[in-house]
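Engineer:
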Amino acid sequence: MTQLKLSDVGKTYGGSVEVLKDINLDIDTGELIVFVGPSGCGKSTLLRMIAGLEQISSGQLEIDGQLVNDVPPAQRGIAMVFQSYALYPHMTVRENMAFALKLANKGKAEIDAAITRAAKMLQLEPYLDRLPKALSGGQRQRVAIGRSIVRDPKVFLFDEPLSNLDAALRVATRIEIAQLKEQMPDRTMIYVTHDQVEAMTLASRIVVLANKGIAQVGTPLELYERPNSEFVAQFIGSPAMNLMPGEVIATGTQTRVRLEGGGEALSDYPTTDSDMGLKVNVGVRPEDFIETDEAMLFEGQVDITEKLGEVTLLYFNRTEDDPVIAKLPGVHRGMRGQAVRLTAAPDKIHLFASGQSLLYR
């Protein structure tokens with residue numbers, strides 16, 4: 001069933017500064033939804049509106065079929081995990097986790113049972129009597145999550161919970177959040193992040209926000225394999241998708257394009273006779289390039305190489321402001337100044353006109 005429903009939701013500050021508009025989104029029970037987008041696109045603002053920490057300027061928010069625009073945060077059945085942990089420094093882990101339950105006048109036995117269950121899920125049993133200052137950053141974040149779990153909310157909200165952790169702790173805590181979701185399959189989670197790996201590995205669906213609204217919603221693989229616009233194509237994936245100007249020279253169930261700088265490609269994107277001569281951007285992800293000695297999509301001289309062990313990044317200065325990047329497996333022999341010819345399979349070649357994918361016309 002649909003647990004959260006946002007209908008034409010908008011946010012305006014001061015009556016004139018519009019941050020979000022026309023947000024329409026249905027979130028089903030048990031989903032883990034991830035909000036991503038460029039800085040300032042309104043990810044955290046939207047999360048705080050769902051939590052009740054920001055007033056909704058327009059539209060409606062329903063939780064389990066109930067309109068909650070004016071319902072106080074504590075009565076929405078939602079728990080929020082902040083980036084800054086927000087733990088009480090003078091309280092032990094146990095006391096931090098118990099605090100909200102004591103405010104709700106829960107009995108000691110109920111509080112102890114809730115803390116025991118959450119501590120076991122998060123592997124916090126050895127730390128229950130420690131103060132936050134005696135914990136690592138990852139442990140503090142687990143305490144913050146545990147403090148939410150004991151309240152047994154319908155919906156968990158995570159606002160960039162791993163951004164304060166170093167790389168190794170981010171990986172470990174991300175895995176713990178994934179395991180936590182498996183242990184709580186009937187709980188809905190909404191997660192804000194700027195980290196692509198977090199989004200791709202955790203999400204059941206990703207919501208890409210841009211230009212005050214939703215650019216695209218889909219599973220991680222849907223957004224990666226079939227982006228609906230150049231913006232989503234370049235936002236999802238790292239390094240970003242290469243975009244190279246070209247022209248349609250043959251139409252049908254497959255489309256042939258010729259690139260401005262030479263080279264041709266065959267794409268699985270279908271076109272009609274009216275598309276002949278259409279100016280397009282040809283999109284290829286760096287990891288989808290293949291070296292070839294035959295008909296090529298792109299040929300260039302290597303300007304920079306980055307040998308990462310399992311892969312090598314090759315940078316080609318196709319134009320001064322628009323380099324082409326190829327990600328090839330293994331340690332590539334290519335060195336600066338070497339000519340390399342590249343192609344890609346037809347199902348890996350994306351076509352965009354006026355910024356929009358030809359698949360979604």
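Per this note's numbering, the sequence shown starts with residue 1, numbered consecutively.
In this text, a Cβ means the ideal position worked out from N, Cα and C, and glycines have one as well.
1. According to the Cβ coordinates, are L32 and S204 closer than 8 Å?
2. Does the pairing of the segment 124-133 with the segment 152-160 give three or more beta-carbon distances under 8 Å?
3. Take D322 as the anchor and find which of K279, L359 and G261 has the nearest alpha-carbon.
4. Ordered along the chain, which non-local residues of its own chain (more than five positions away) have a Cβ less than 8 Å from that of L278?
5. Just grab the DSSP bridge partners of E125 for me.
6. Would you identify the three-state DSSP class for Y370, choosing helix, strand or coil?
7. Any chance you could list the alpha helix (DSSP H) runs of at least 4 consecutive residues sitting entirely within the segment 19-59, in chain order?
8. Can you give the Cα-Cα distance for L359 and T188, rounded to whole angstroms?
9. How long is the line joining the alpha carbons of Y191 and V34, rounded to whole angstroms?
10. Exposed or buried, which one is K43 when buried takes at least 16 other CB atoms within 10 Å?
11. Using 8 Å as the threshold, is the segment 160-172 in touch with the segment 133-146, meaning 3 or more CB pairs across them?
12. Return the CA-CA distance between H350 and K21, expressed in angstroms with no decimal places.
13. Using only the alpha-carbon positions, how far apart do E264 and S39 sit?
14. Can you name the start and end residues of the beta strand (DSSP E) that K181 belongs to?
15. Quick one: residues in its chain with C-beta nearer than 6 Å to the C-beta of M97, no 5 flanking neighbours on either side, listed in chain order?
16. I'd like to check one pair, L46 with I23: are the Cβ atoms closer than 8 Å?
17. Can you look up R117 in the DSSP assignment and give me helix, strand or coil?
18. Where does P161 land, buried or exposed, given buried means 16+ other C-beta within 10 angstroms?
19. Could you tell me the boundaries of the alpha helix (DSSP H) in which Y191 lies?
20. Identify every residue that forms a DSSP beta bridge with G300.
21. Please classify H90: is it buried, with 16 or more other beta-carbons within 10 angstroms of its beta-carbon, or exposed?
22. For A344, which residues in the same chain have their Cβ closer than 8 Å to its Cβ, ignoring the five residues on either side in sequence?
23. By the three-class DSSP mapping on this structure, what secondary structure does V68 have?
24. Could you check whether Q234 and M241 sit closer than 8 Å to each other, using their CB atoms as the reference points?
25. Exposed or buried, which one is K102 when buried takes at least 16 other CB atoms within 10 Å?
26. Based on DSSP bridge pairs, tell me the residues matched to F316.
27. Whose CA, out of G237, Y269, S238 and L259, lies closest to the CA of G252?
28. Can you tell me whether P329 is buried or exposed, with buried defined as 16 or more other CB within 10 angstroms of its CB?
29. Do the segment 221-238 and the segment 53-67 touch if we need at least three Cβ pairs shorter than 8 Å?
30. Could you tell me the alpha carbon to alpha carbon distance between I78 and T312, rounded to whole angstroms?
31. Assign D159 to buried or exposed, taking buried as 16 or more other Cβ atoms, counted over all protein chains shown, within 10 Å of its Cβ.
Structural biologist: This is what the structure gives:
1. Reading the sequence shown from its first residue, position 32 is the one you call residue 32. Reading the sequence shown from its first residue, position 204 is the one you call residue 204. It is a contact, given that the beta carbons lie within the stated cut-off.
2. Flag = no, the segment 124-133 and the segment 152-160 do not touch.
3. In the sequence shown, counting from the first residue as 1, residue 322 sits at position 322. The option with the nearest alpha carbon to D322 is G261.
4. For the purposes of this step, residue 278 is taken as the residue at position 278 of the sequence shown. Closer than 8 Å at Cβ, skipping near neighbours: E247, V248, T271 and A353.
5. As a position in the sequence shown, residue 125 is number 125, starting the count at 1. Within the DSSP secondary-structure output, E125 pairs in no beta bridge.
6. This structure gives no information on residue 370, because the portion of the chain shown stretches from 1 to 361.
7. For secondary structure counted as the alpha helix (DSSP H) over 4 or more consecutive residues, the segment 19-59 holds these complete runs in sequence order: 43-51.
8. Position 359 of the sequence shown, counted from the start, is the residue given in the question as residue 359. Position 188 of the sequence shown, counted from the start, is the residue given in the question as residue 188. When rounded, the distance between both Cα atoms is 31 Å.
9. Position 191 of the sequence shown, counted from the first residue, corresponds to residue 191. Position 34 of the sequence shown, counted from the first residue, corresponds to residue 34. Their Cα atoms are separated by approximately 5 Å.
10. Residue mapping note: residue 43 aligns to position 43 of the sequence shown, counting from 1. Burial check for K43: the Cβ neighbour count within 10 Å reaches 16 or more, so the residue is buried.
11. These segments touch.
12. Stepping through the sequence shown from its first residue, residue 350 is reached at position 350. Stepping through the sequence shown from its first residue, residue 21 is reached at position 21. Taking the Cα positions, H350 is about 29 Å away from K21.
13. By 1-based counting over the sequence shown, the position of residue 264 is 264. By 1-based counting over the sequence shown, the position of residue 39 is 39. Our two residues, E264 and S39, have alpha carbons roughly 36 Å apart in a direct line.
14. The residue given as residue 181 occupies position 181 in the sequence shown. Segment A167 to Q183 is the alpha helix (DSSP H) holding K181; no beta strand (DSSP E) there.
15. In the sequence shown, residue 97 corresponds to position 97, counting from 1. Result list for M97: I115, G146, R147 and V150, in chain order.
16. Here residue 23 refers to the residue found at position 23 when the sequence shown is read from its first residue. Here residue 46 refers to the residue found at position 46 when the sequence shown is read from its first residue. Closer than 8 Å, so yes.
17. Residue 117 sits at position 117 when you count from the first residue of the sequence shown. Of the three classes helix, strand and coil, the one that applies to R117 here is helix, per DSSP.
18. For the purposes of this step, residue 161 is taken as the residue at position 161 of the sequence shown. By the 10 Å Cβ count, P161 comes out buried.
19. On the sequence shown, residue 191 is found 191 positions in, with the first residue counted as 1. Y191 -> not in any alpha helix (DSSP H); beta strand (DSSP E) instead, spanning T188 to V192.
20. For this step, residue 300 is matched to residue 300 along the sequence shown. Bridge partners of G300: V340.
21. Here residue 90 refers to the residue found at position 90 of the sequence shown. Exposed.
22. For the purposes of this step, residue 344 is taken as the residue at position 344 of the sequence shown. A265, V284, D288, F289, I290 and L297.
23. Sequence index remark: in the sequence shown, residue 68 carries index 68 (1-based). Correct three-state label for V68: coil.
24. For the purposes of this step, residue 241 is taken as residue 241 along the sequence shown, with counting starting at 1. For the purposes of this step, residue 234 is taken as residue 234 along the sequence shown, with counting starting at 1. In this structure, the beta-carbon distance from M241 to Q234 falls below 8 Å.
25. Position 102 of the sequence shown, counted from the first residue, corresponds to residue 102. Taking all protein chains in view, the Cβ of K102 is surrounded by fewer than 16 other Cβ atoms within 10 Å, so the residue is classified as exposed.
26. If you number the sequence shown from 1, residue 316 lands on position 316. In DSSP, F316 forms a bridge with V302 and V324.
27. To locate residue 252, count along the sequence shown from 1; it is residue 252. Considering only alpha carbons, the answer is Y269.
28. Residue numbering aside, residue 329 sits at position 329 when the sequence shown is read from its first letter. Exposed, because fewer than 16 other Cβ atoms sit within 10 Å of the Cβ of P329.
29. Taking one beta carbon from each stretch, the segment 221-238 and the segment 53-67 have fewer than 3 pairs nearer than 8 Å; the two do not touch.
30. Here residue 78 refers to the residue found at position 78 when the sequence shown is read from its first residue. Here residue 312 refers to the residue found at position 312 when the sequence shown is read from its first residue. Spanning the alpha carbons of I78 and T312 requires a straight line of approximately 45 Å.
31. Counting from one through the sequence shown, the residue named residue 159 turns up at place 159. The C-beta of D159 has 16 or more other C-beta atoms within 10 Å across all chains shown, which makes the residue buried.
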